[in-house]
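Under the numbering used here, the first residue of the sequence shown carries the number 153, and numbering increases by one thereafter.
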Amino acid sequence: MNNEQVEIVKRTIIRLLPPRPEGNSEIIIQRYEKQKRDANQAFGDVFYPKLFELAPDTQELFKDLEGTKQKFPDMLTLLVRSMNRLHDTLNTMQELGVTHMKLGVKVEHYQPFVKALLWTFHKQLGDEVFNGHVAEAFVAVLSRICGIMCNSAYPQIRGLPVDAPMPTTEGSSTPPTT
């Protein structure tokens, strides 16, 4: 993972999960909060069915799926935005790994999670935006995040196979190239 890949991922995520606009007016804040809720819901409505298709046993991990749909995109965005300041978020990622392990997330859940996430971004953004170059950047960044989380939760395991090929919206396992 390099800084260019992190920047590519940041610019791409903003297209689906927009940052808070400048300004403190109540109208701006209300409009943003609604836009964020809608974007998070739309993302979750695509991501979670794909995750459950790839790893059906993960469905039992989500007791409050609607709440998770609102929280997950925010956490993902926060982690990605701070990837080029890894020292600032390393503890957070390590704690997330341990917390997820305690909640029942297994090592083998990480690969289908990454596949579902890549598939979701590709499906929502399309081939033109989520091309092979962008997919590679996502794989690098997500692999780094998942690797940190797994290594803290499962220190006896190293080099986890989380960088899986990106499935396209048609189900192919090859990323689009442009």
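Heads up, the beta-carbon is just placed ideally off N, CA and C, and yes, glycines get one too.
Query raised in the report: Are L203 and F273 close, meaning C-beta to C-beta below 8 angstroms?
Result: Residue 203 sits at position 51 when you count from the first residue of the sequence shown. Residue 273 sits at position 121 when you count from the first residue of the sequence shown. Going by C-beta atoms, L203 is not nearer than 8 angstroms to F273.
Query raised in the report: Helix, strand or coil for A207 per DSSP?
Result: Position 55 of the sequence shown, counted from the start, is the residue given in the question as residue 207. Residue state, collapsed to three classes: coil.
Query - Status (buried if at least 16 other CB within 10 Å, exposed otherwise) for I179 - result: In the sequence shown, the residue the question calls residue 179 occupies position 27. Its Cβ having fewer than 16 others within 10 Å, I179 is exposed.
Query raised in the report: How is D279 classed by DSSP in three states: helix, strand or coil?
Result: Locating residue 279 in the sequence shown gives position 127, where the first residue counts as 1. In the structure shown, D279 sits in a helix (DSSP, three-state: H, G or I).
Query raised in the report: Under three-state DSSP, which class holds D190?
Result: As a position in the sequence shown, residue 190 is number 38, starting the count at 1. Reduced to three states, the DSSP call for D190 is helix.
Report task. Can you have a look at L270 and say buried or exposed, based on whether 16 or more other CB atoms are within 10 angstroms of its CB? Result -> Within the sequence shown, numbered from 1, the residue matching residue 270 stands at position 118. So L270 counts as buried.
Query raised in the report: Whose CA, out of R233, D216, A207 and S295, lies closest to the CA of L169?
Result: Here residue 169 refers to the residue found at position 17 when the sequence shown is read from its first residue. With distances taken between Cα atoms, L169 lies closest to R233.
**Report entry** Nearest residue (CA-CA) to I297, options A194, N176, G284 and M235
**Finding:** Taking the first residue of the sequence shown as position 1, residue 297 is located at position 145. Cα-wise, what sits closest to I297 is M235.
Requested in this report: Would you identify the three-state DSSP class for S177, choosing helix, strand or coil?
Outcome: As a first step, residue 177 is located in the sequence shown; it is residue number 25 there, counting from the start. DSSP places S177 in coil when its eight states are reduced to three.
Query raised in the report: Does the separation of the CB atoms of F214 and G196 fall below 8 angstroms?
Result: As a working note, residue 214 is residue 62 in the sequence shown. As a working note, residue 196 is residue 44 in the sequence shown. Their beta carbons are not under 8 angstroms apart, which means F214 does not touch G196 by this criterion.
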